[in-house]
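Going by numbering that gives the first Met the number 0, the residue at position 233 of the sequence shown is 232; the numbering climbs one at a time, nothing skipped. Okay, so here's the structure we're looking at.
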Amino acid sequence: MNNILMRNRLLKLALSKLALVGLVAFGVGCQRNTSAPAAEPAAAAESKIVDTARIAAGDSEPGNWLSTGRTYNEQRYSPLEKVNAGNVAKLGLAWSYKVDIDRGAEATPVVVDGVMYTTGAYSIVYAINAKTGEQLWKYDPEVQRSKSGNACCDVVNRGVAIGQGKVYVAAFDGRVIAINAKDGTKAWEVDAKDGSGRTFALTGAPLLVKNLVLVGSGGAEYNARGYISAFDTATGKLAWRFYTVPGDPAKPDESPAITMARKTWTGQQYWKQGGGGTVWNTIAYDPETDLIYFGTGNGVSWNKLERDEPNGDNLFISSIVAVKAETGEYAWHYQETPNDNWDYDACANIILADITLDGQLRKVLLHAPKNGFFYVLDRKDGKLLSAEKFAPATWATHIDLKTGRPVVDQKVADWSKEAKVVAPGPFGAHNWQPMSFSPKTGLVYIPAQEVASMMAPHKEPSFDNREGVWNIGGDLPIPADPKVIEQIAASLKGKLIAWDPVAQKQVWSQAYTNIWNGGTLATAGNLVFQGTADGRVVAYSADKGEKLWESPANSGVMAGPMSYEVDGEQYVTVMAGWGGVFPLIGGAISNYAKVRPEARVLTFKIGGTASLPAPKNDAVPLPELQEVKADAKTLARGADLFINNCAQCHGLNAVGGGVIPDLRYLTPEKHAIFAGIVAGAKSDRGMPSFAGRFNPEEVEAIHQYIIERSHALKQALGSPVEGAASAK
Ligand code: CA
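See the structure below:
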């Protein structure tokens, strides 16, 4: 232990005697003040602000976790080793903290000097004593619940950035809010929307780089035009904005990069529909190259023909883009899925690492996006160094290393005119659940999944892109037959893969019966932690993949775990909370695990003896059924309308995934006001208003379809797939 570390530990010991509130005040909230009186050495040492230099030097203070990926390399690797493969069996719950809303929890907390900052559903921010689990403050941005439908994939949030005495959150409704770390009061608030009036939502964690806080954009299923914005940390003023796809050609291009990108688009639909390419998750920074790296999502629509693009590459959708940190000027791009036709967002987390390839130490960027290939890029210039399949991927045979382009198997994968089963499907071979990298083992730990999906163009021929619902250019047909659903559910497989990025091959793997398992954490203690969709937190040995420990989580776990140290003791934390796109749309294929979405921060330590309350049981019996009063044609019309407007939240075939109400369980009282609910009567509860969207016959067709589905449920009760009871 060096002197500074020793001094810090002694100071922390002294500080632990102070009142809790005092401890918080010494956290990131205090600015460095060179004229501080000499009588406060403890405060001076502890009040060192979090800034870019401190995050970049994060390895010198392994007890802290200063950014969602821990340091700028985004490796999600903890150098701590007090918890290790030898003693992890003794890991127990130290404390848990219940967040307000039982929906998807996707945040990785950050910890600085004993204080944890994290977020829950609807972008609520929590500051928690990292040692005890006591709440220090809470900031609720009061996102309007009526806006819940403005994003594809639940009202989730993936965490905060900290720095310059503030905590930054990108709120679901598009606001970027700086909160004073010391007391949870608001410092400033700006709107990240660009004034175009397009649907917009934020779910990703911001990133602090120098005096800027970087924030992406969401909504590529909703006619959004993607961009990334940089705001001044002191004032919230917009410093720069980089658009990822071209806009209205009648207006000047925002950058030379946009002029370049426009040449890869044809027709008019692209800018009328927004184009997509949203930066909804990963943003990384390399202090050495001074470049910011981010991944972009699909185009609007997924179906290339519905955006008039039989051939165009459509830059910069489904790409990794690098821009200069201070100006947002284009540096390079690598498009992983040119002419994307499958929702192959390039938004899974980017990891920066230095690895030896052909005897040469290379500064690389590691990426395992939804499309199923593991990419190694030179992060100075974006040159492709290698790419191999880490999961079944039928859409392309391989990536041509000479051209850097995928060799697409259109016969197998082009569903733009006729239905095809494609692997991976839109859930992705690896989605946003963060992977990690251990420099000690040299392995990447990927929360992967095998998810072939049927993709099909619209049955409804008049379908046109609309605001407020998915515009994917097709239907996601899941048959109603429970036996077929069971087969589909059985074909989806989750997998934790330990991947060697040098040899481009799997070293070990662990299989799960479910997809949508959690992100991973690698530690110097030869451990990999991962939460699971079926409600556990598990530790494996990092080198061999032997299961060494597990704990119940009372809920499916999706978020990435992290680790930190307070007063010499190491903790491992993960947020539990089932939700996100899979249980929302997945319906019957997602609720096999029967987990309830209980959202909590779970923190473990060696010898921890805290316990969780009994799992929530809010199941209700099937209410008295309504009579089906429609003919087969009307029911088919209702089913079509449902899949294009309602299924994205209420589940395919109107089967709920356990996170939000299962419509087959509607009570007679709710049935009586069904049209009113569709028109916005429950918008304060998160049910968006569809007023003006449907005519009364269409509303009734949807209603009758739901009633028919409740009868189907009654018949199927007893089947292991459809037999799950509803959440209230
Ligand atoms: Ca997408």
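Every residue, glycine too, gets a C-beta built ideally from N, C-alpha and C. Treat the numbers as computed from the prediction; the structure is a model and nothing was measured.
Check                                                                                                                                                                    : Outcome
Determine the direct distance from the alpha carbon of Arg224 to that of Ser682, and round the result to whole angstroms.                                                : 26 angstroms
To which residues of the same chain is Ser550 closer than 6 angstroms at the C-beta, ignoring the five residues directly before and after it?                            : Val536
Does DSSP put Ile291 in a helix, a strand or coil?                                                                                                                       : strand
Please name the residue or residues paired with Val320 in a DSSP beta bridge.                                                                                            : Phe293, His332
Within the chosen definition, does the stretch 598-607 reach the stretch 567-575 through at least 3 CB pairs nearer than 8 angstroms?                                    : yes
Measure how close the beta-carbons of Val698 and Tyr664 come, nearest whole angstrom, since I'm counting them as under 8 angstroms.                                      : Not really, about 19 angstroms apart at Cβ, beyond 8 angstroms.
Return the CA-CA distance between Gly274 and His710, expressed in angstroms with no decimal places.                                                                      : 41 angstroms
Would you report the Cα separation of Ala169 and Ala191, rounded to the nearest angstrom?                                                                                : 9 angstroms
CB of Glu220 to nearest heavy atom of ligand 1: below 7 angstroms?                                                                                                       : yes
Under the rule that 16 or more other beta-carbon atoms within 10 Å means buried, what is Ala38, buried or exposed?                                                       : The predicted position of Ala38 is uncertain, since its pLDDT is 37 and thus under 50; no value can be drawn from it.
Note down, one range per segment and in chain order, each alpha helix (DSSP H) of at least 4 residues found wholly within the stretch 659-689.                           : 667-671
When you measure from the CB of Gly298 to every non-hydrogen atom of ligand 1, does any distance come out below 7 angstroms?                                             : no
Ignore the nearest five residues each way along the sequence and tell me which others in Phe389's own chain have a CB closer than 8 angstroms to its CB.                 : Ala367, Gly371, Phe372, Phe373, Ala428, His429, Ile445, Ala447, Ile496, Trp498, Gln505
Return the Cβ separation of Ile316 and Thr295 in integer angstroms, given the expectation that the two are a contact with Cβ distance under 8 angstroms.                 : 6 angstroms
Tell me the rounded alpha-carbon separation between Asn590 and Asp661.                                                                                                   : 11 angstroms
State the DSSP-derived secondary structure class of Thr258, mapped to helix, strand or coil.                                                                             : helix
To the nearest angstrom, how far is the alpha carbon of Trp431 from that of Asp630?                                                                                      : 42 angstroms
So for His457, helix, strand or coil by DSSP?                                                                                                                            : coil
Out of Pro433, Asp153, Thr202, state which residue places its alpha-carbon closest to the alpha-carbon of Arg102.                                                        : Asp153
Does DSSP classify Phe241 as helix, strand or coil?                                                                                                                      : strand
Quick test of the definition: if touching needs 3 or more C-beta pairs under 8 angstroms, does the stretch 193-212 touch the stretch 166-180?                            : yes
DSSP state of Ile487, grouped into three classes?                                                                                                                        : helix
Taking the alpha-carbon positions, what's the Gln529 to Ala88 distance?                                                                                                  : 15 angstroms
Please state the DSSP three-state secondary structure of Leu364.                                                                                                         : strand
Go ahead and label Gly579 buried or exposed: buried means 16 or more other beta carbons lie within 10 angstroms of its beta carbon, across all protein chains shown.     : buried
Applying the criterion that 16 or more other CB atoms from any shown protein chain within 10 Å of the CB defines a buried residue, is Arg599 buried or exposed?          : buried
Does DSSP put Thr633 in a helix, a strand or coil?                                                                                                                       : helix
Asp533 and Gly559 - do their beta-carbons sit closer together than 8 angstroms?                                                                                          : no
Tell me which residue opens and which closes the alpha helix (DSSP H) that Tyr269 is part of.                                                                            : 268-271
How would you call Asp50, buried or exposed, if buried means at least 16 neighbouring beta carbons within 10 angstroms?                                                  : buried
Within 7 angstroms: the Cβ of Asp153 and any heavy atom of ligand 1?                                                                                                     : no
Mapping DSSP to helix, strand and coil, what is Gly586?                                                                                                                  : helix
Cβ of Ala84 within 8 angstroms of Cβ of Leu547?                                                                                                                          : yes
For Glu545, count neighbouring C-beta atoms within 10 Å of its own C-beta (all shown protein chains included) and say buried if the count is 16 or more, exposed if not. : exposed
At the level of alpha carbons, what is the spacing between Gly607 and Lys130?                                                                                            : 12 angstroms
Measure the alpha-carbon distance for Leu65 versus Val468 and round it to whole angstroms.                                                                               : 36 angstroms
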